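Engineer: Encoded as structure tokens, here's the structure I'll be asking about.
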Amino acid sequence: MYGSHPPRTAFVALLFVSAACLARPSAAQDAPAAKADGIPAGVAPEIRGVLTKSEIVLDRLQTAMKLTTDKEFEQYATLKDFIEVFLIGVDRQKPVRLDVLTGKNETSYRLHVPIAEGQFRDFWKENLVPLGIPVQGYAKQPGLYRLGGNAGAAFNGLMLYDPKQRGGYATIVEDAKELPPPNGPVPTAGVQDLLKSGHDAALSLRNQAKGIEERHAHFAAQREDVLGKLKRDTDESASDFNLRKFAAGVQFDETERLYAEAKDVFIGLQVTPESAQAKGALRLEPLPGTSLADSVALISQNASRFAGVPRGEGGATTGRINFPLDPMRKEHFLALSAKIRENEIEEVGLSQESNPAQKEAGKQFLTGFFDLIDEGLTAGLIDGFIEMAKGHGELYTIVGGLKSPDGTKWIPVLSLVPQLRNGPTFKENVGEHAGVTFHEMVVTKEQHPDFIELFGDGRLLVGTAKDAVWYAAGPQAEETLKQAIDQSAGAGEPEATFLSFRGELLPGLRILDRRLGTTGFDKFRKMAIDAFENGDGRASIEMTKNGDAIDGSIVLEPGILRLVGKALADFSQQNLAE
Numbered sequence: 006m007y008g009s010h011p012p013r014t015a016f017v018a019l020l021f022v023s024a025a026c027l028a029r030p031s032a033a034q035d036a037p038a039a040k041a042d043g044i045p046a047g048v049a050p051e052i053r054g055v056l057t058k059s060e061i062v063l064d065r066l067q068t069a070m071k072l073t074t075d076k077e078f079e080q081y082a083t084l085k086d087f088i089e090v091f092l093i094g095v096d097r098q099k100p101v102r103l104d105v106l107t108g109k110n111e112t113s114y115r116l117h118v119p120i121a122e123g124q125f126r127d128f129w130k131e132n133l134v135p136l137g138i139p140v141q142g143y144a145k146q147p148g149l150y151r152l153g154g155n156a157g158a159a160f161n162g163l164m165l166y167d168p169k170q171r172g173g174y175a176t177i178v179e180d181a182k183e184l185p186p187p188n189g190p191v192p193t194a195g196v197q198d199l200l201k202s203g204h205d206a207a208l209s210l211r212n213q214a215k216g217i218e219e220r221h222a223h224f225a226a227q228r229e230d231v232l233g234k235l236k237r238d239t240d241e242s243a244s245d246f247n248l249r250k251f252a253a254g255v256q257f258d259e260t261e262r263l264y265a266e267a268k269d270v271f272i273g274l275q276v277t278p279e280s281a282q283a284k285g286a287l288r289l290e291p292l293p294g295t296s297l298a299d300s301v302a303l304i305s306q307n308a309s310r311f312a313g314v315p316r317g318e319g320g321a322t323t324g325r326i327n328f329p330l331d332p333m334r335k336e337h338f339l340a341l342s343a344k345i346r347e348n349e350i351e352e353v354g355l356s357q358e359s360n361p362a363q364k365e366a367g368k369q370f371l372t373g374f375f376d377l378i379d380e381g382l383t384a385g386l387i388d389g390f391i392e393m394a395k396g397h398g399e400l401y402t403i404v405g406g407l408k409s410p411d412g413t414k415w416i417p418v419l420s421l422v423p424q425l426r427n428g429p430t431f432k433e434n435v436g437e438h439a440g441v442t443f444h445e446m447v448v449t450k451e452q453h454p455d456f457i458e459l460f461g462d463g464r465l466l467v468g469t470a471k472d473a474v475w476y477a478a479g480p481q482a483e484e485t486l487k488q489a490i491d492q493s494a495g496a497g498e499p500e501a502t503f504l505s506f507r508g509e510l511l512p513g514l515r516i517l518d519r520r521l522g523t524t525g526f527d528k529f530r531k532m533a534i535d536a537f538e539n540g541d542g543r544a545s546i547e548m549t550k551n552g553d554a555i556d557g558s559i560v561l562e563p564g565i566l567r568l569v570g571k572a573l574a575d576f577s578q579q580n581l582a583e
């Protein structure tokens, strides 16, 4: 509507939902300044990662590649040979452990690699040295080796290895202070909880109650450096880059909160060859008395406005969110809203395809739109649902709703839509059901061909009530909308699950690909469309409050693993094939 690019306001709600866990707590703003040499021992989080065995990398690679075409699968041998180089001398049946050391001003790592019996010389001579890491032993300190040692080395540090100690593991560090005792325990002794979790790979962060303010200050001190490394893309406008950088700052700030205030964070990843599914697990437990704990406590206190609407088990897409915003998230979301508002209004003003009247209408529409978004954010709750199912033929019916401080305020905003460039028609008060007034928007195939392709005609029903906004489109739009309104009439009960989504990615991906054209990773999008054509490009996510903690899960169906396989085959063809 606003020029060469369609308006992005339709995606604003998604952006807010995606950022629903992002905000910076006020405690960080009053924290003491970070010390020049980092934070004291015992204050920094303990961050541990494991790979159950290195052989599993090749196994899971094969699982993904088998889902691709015969031509693409030919690249498996090339990729396997490439990975094999990094496994020379490694015992492939034992776990690999990685410790992330964040207490100093620069993050460093401690890697524990199991060495195959009698193959330590192969490990350093045929693995490390070809990678640009010279190895030299210390004559007076058996088992200790210097790595690198010159300006051209790929890595400079130390390695500790004694086949009779510590289970035959080699430990690689950057600083001698990070080395374990030569006769210390086997590295896997400290990660048994991760190894027993049943995942191919797992990561854990743990904090003690002391040192919250120190952790905040230590992490926050790196903010400008991290954000300063973001670079503007060649096809990205200055305003879009500034918005992306602002959103990255929000993400950084929430990561800071997890780093400083989480008692326990667990992430696990598993690929099941039999079903060709990838599964992820998340657990977050905050430290008591923190802003993170206060935020978790708000969840699942009240029933959703749409609690009575059943989830469509066989539908193409089903989603629910009932997420309260704590004061810091509310503040940050309002700032993000202001930034997006500024960008959108600027885009309208710069449009070369809209006349002055259309530009003015666009600015009024965006002002009203974001005013109402801000009212919802100020109310402190994101509560909504979506259901989309395929009926006869290839057409979908979609229905959804969003809780609103006053849904009737959307009517004058929507009445501006026909005045926009290529704007649809809008009719007020075309019907009513159970206190919800219906309005109708109609688009043409020329205006929005994707809408017509999905839903069969250009009719979009919008329902407004004092406490909600509804919408529906497709062959059974009106009857489906009325049914959902009736189902939501009951009071309902609070649910532990506050976020859930299960859906097909292909319909939305096709729309995105048409709109973006040759910009923004077009090759990858077309690869994804091809990968999802079999109908198994689905993903599901669920977040549930469990006591004082949050448990999450994600399931990626075979189409997504197929996409991974295709991307790896393309990488191999472009970079590794002779």
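For the sequence shown, the working numbering assigns the number 6 to the initial residue and increments by one for each residue that follows. Every residue gets a Cβ at the ideal spot worked out from N, C-alpha and C, and that includes glycine. Remember, it's a predicted structure, so these values are computed and weren't measured experimentally.
1. What does the alpha-carbon distance come out to for the pair residue 411 and residue 374?
2. Should residue 3 be labelled buried (16 or more other beta-carbon atoms within 10 Å of its own) or exposed?
3. Can you tell me whether residue 327 is buried or exposed, with buried defined as 16 or more other CB within 10 angstroms of its CB?
4. Thinking C-alpha only, which one of 345, 425 and 331 is nearest residue 362?
5. Considering only the alpha carbon of each residue, which of 217, 192 and 482 lies closest to residue 104?
6. Residues in the same chain with beta-carbon distance under 7 Å from residue 519, minus the five sequence neighbours each way, listed in chain order, please.
7. Could you tell me whether the Cβ atoms of residue 141 and residue 126 are closer together than 8 Å?
8. Can you tell which of 307, 320 and 163 has the C-alpha that lies nearest to the C-alpha of residue 510?
9. With residue 564 as the anchor, note down where its alpha helix (DSSP H) starts and where it stops.
10. Using alpha carbons as the reference points, say which of 434, 440, 438 and 576 lies closest to residue 446.
11. Drop a sphere of 10 angstroms on the beta-carbon of residue 88, count the other beta-carbons inside from all chains shown, and report buried for 16 or more, exposed for fewer.
12. Expressed to the nearest angstrom, what Euclidean distance is found between the alpha-carbon atoms of residue 339 and residue 345?
13. Which one or two residues does DSSP pair with residue 104 in a beta bridge?
14. State the DSSP-derived secondary structure class of residue 191, mapped to helix, strand or coil.
15. Between 371, 310, 190 and 448, which has its C-alpha nearest residue 386's C-alpha?
16. Helix or strand or just coil, what does DSSP make of residue 37?
17. Expressed to the nearest angstrom, what Euclidean distance is found between the alpha-carbon atoms of residue 98 and residue 352?
18. Thinking residue 60 and residue 93 are a contact (beta carbons under 8 Å), I'd like their distance in whole angstroms, please.
19. Between the alpha carbons of residue 369 and residue 512, how many angstroms are there, rounded?
20. Bridge partners of residue 442, per DSSP?
21. Count the other C-beta atoms from every protein chain shown that fall within 10 angstroms of the C-beta of residue 563, then say buried if there are 16 or more, exposed otherwise.
22. By the DSSP assignment, the beta strand (DSSP E) with residue 170 in it spans what residues?
23. Look at the alpha carbon of residue 287 and the alpha carbon of residue 558, and state the distance between them as a whole number of angstroms.
24. Smallest Cα separation from residue 110: which of 432, 147 and 222?
25. Using CA atoms only, rank isn't needed, just tell me which of 482, 325 and 347 is closest to residue 545.
26. Quick check on residue 212: buried or exposed, where buried means 16 or more other Cβ atoms within 10 Å of its Cβ?
27. Just checking my contact of residue 139 with residue 155 at CB under 8 Å: how many whole Å lie between their CB atoms?
28. Would you identify the three-state DSSP class for residue 247, choosing helix, strand or coil?
29. Mind reading off the beta-carbon distance from residue 423 to residue 417? Whole number of angstroms is fine, and I expect it under 8 Å.
30. Mind checking which residues open and close the beta strand (DSSP E) that includes residue 282?
31. Is it buried or exposed, residue 28, if we count other Cβ atoms within 10 angstroms and call 16 or more buried?
32. Can you name the start and end residues of the beta strand (DSSP E) that residue 269 belongs to?
33. Any contact between the stretch 225-240 and the stretch 252-259? By contact I mean 3 or more CB pairs, one from each, below 8 Å.
34. Could you check the C-alpha separation between residue 62 and residue 143 for me, to the nearest Å?
35. Would you grab the beta carbon distance between residue 301 and residue 457 for me? Rounded to a whole angstrom, and I think it's under 8 Å.
36. For residue 381, is the classification buried or exposed, using 16 other Cβ atoms within 10 angstroms of its Cβ as the cut-off for buried?
Structural biologist: The relevant details are as follows:
1. Spanning the two alpha carbons is a distance of roughly 13 Å.
2. Here the chain comprises residues numbered 6 to 583, so residue 3 is not present and cannot be evaluated.
3. buried
4. 425
5. 192
6. 455
7. no
8. 320
9. 563-580
10. 434
11. exposed
12. So the two alpha carbons sit approximately 10 Å from each other.
13. 53 and 115
14. coil
15. Measuring from the Cα of residue 386, the nearest candidate turns out to be 310.
16. In this predicted model, residue 37 has a pLDDT of only 40, less than 50, meaning its place in the structure is not dependable; the value taken from the coordinates is given anyway. Reduced to three states, the DSSP call for residue 37 is coil.
17. 56 Å
18. Not really, about 13 Å apart at Cβ, beyond 8 Å.
19. 31 Å
20. 437 and 469
21. By the 10 Å Cβ count, residue 563 comes out buried.
22. Here residue 170 belongs to no beta strand (DSSP E), and DSSP marks it neither H nor E.
23. 6 Å
24. Shortest Cα-Cα distance from residue 110 to any of 432, 147 and 222 involves 222.
25. 325
26. buried
27. 7 Å
28. helix
29. Actually they do not touch by this definition, with Cβ atoms about 13 Å apart.
30. 282-291
31. Because the pLDDT at residue 28 is just 36, under 50, the model does not fix this residue reliably, and the value given afterwards should be weighed accordingly. Per the 10 Å Cβ criterion, buried.
32. 267-277
33. yes
34. 33 Å
35. Contact flag wrong, Cβ pair sits at about 43 Å.
36. buried
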